[in-house]
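Under the UniProt record's numbering, the residue at position 80 of the sequence shown is numbered 80, and the numbers go up by one with no gaps. All C-beta atoms, glycine included, are put in the ideal place defined by N, C-alpha and C.
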Amino acid sequence: MLWACQDRAFNIVDKVKDNVAFKAWQMLKKKYEVKEVDAHIQLQEKFQECKMESDKDDPTIFIEELAVINGYMGAMQDKYEKDDVEMILHIFSKLPGLYLEFITRQKAKGIQNTSG
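Written out as structure tokens, the structure reads:
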């Protein structure tokens, strides 16, 4: 309990003169809420690092994870969301080597046909 009374957060709350919880909450949010730029960078890094580790893994799980991350980026701002072609290219680049033949066939058919 003593530590909680010495923290920056406590000092922020303590500065609220009229003891209005909403004001204290707003001040805490302003100080500690993740900034959009920081959140976007974190999501972008998570997106780039997301890959299918093994050819034994289910590709659906990998693709769904990417879609969720992409959805979060799009929820922040439309311009952050990857379009279908960007998603397909990223998926192709993060699949295990066993999928090389599949990727080659898809590229030969045309990526445009893959997304539809």
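Answer yes or no: do LYS82 and PHE47 have a C-beta to C-beta separation smaller than 9 Å? Taking the sequence shown and counting its residues from 1, one reaches residue 82 at position 82. Taking the sequence shown and counting its residues from 1, one reaches residue 47 at position 47. Their beta carbons are under 9 Å apart, which means LYS82 touches PHE47 by this criterion.
Quick check on ASN70: buried or exposed, where buried means 16 or more other Cβ atoms within 10 Å of its Cβ? As a working note, residue 70 is residue 70 in the sequence shown. When all chains shown are included, ASN70 counts as buried.
Consult DSSP for LYS35 and reduce its assignment to one of helix, strand or coil. Taking the first residue of the sequence shown as position 1, residue 35 is located at position 35. In the three-state scheme derived from DSSP, where H, G and I count as helix and E and B as strand, LYS35 is classed as coil.
Classification of LEU95 by the beta-carbon crowding that lies within 10 angstroms, buried from 16 upward: In the sequence shown, the residue the question calls residue 95 occupies position 95. LEU95 should be labelled buried.
Residues near PHE62 by beta carbon distance below 6 Å, same chain, minus five either side: Residue numbering aside, residue 62 sits at position 62 when the sequence shown is read from its first letter. Hits under 6 Å: MET52.
Output yes or no for whether 9 Å exceeds the beta carbon distance between MET87 and HIS40. For this step, residue 87 is matched to residue 87 along the sequence shown. For this step, residue 40 is matched to residue 40 along the sequence shown. For MET87 and HIS40, no; Cβs fall outside 9 Å.
Under three-state DSSP, which class holds PRO59? In the sequence shown, counting from the first residue as 1, residue 59 sits at position 59. Helix at PRO59.
LEU43 versus ASN19 - alpha carbon distance: On the sequence shown, residue 43 is found 43 positions in, with the first residue counted as 1. On the sequence shown, residue 19 is found 19 positions in, with the first residue counted as 1. Rounded to whole angstroms, LEU43 to ASN19 spans 36 Å at the Cα level.
Beta carbon of GLU36, beta carbon of CYS50: below 9 Å? Here the question's residue 36 lines up with position 36 in the sequence shown. Here the question's residue 50 lines up with position 50 in the sequence shown. Cβ atoms of GLU36 and CYS50: not closer than 9 Å.
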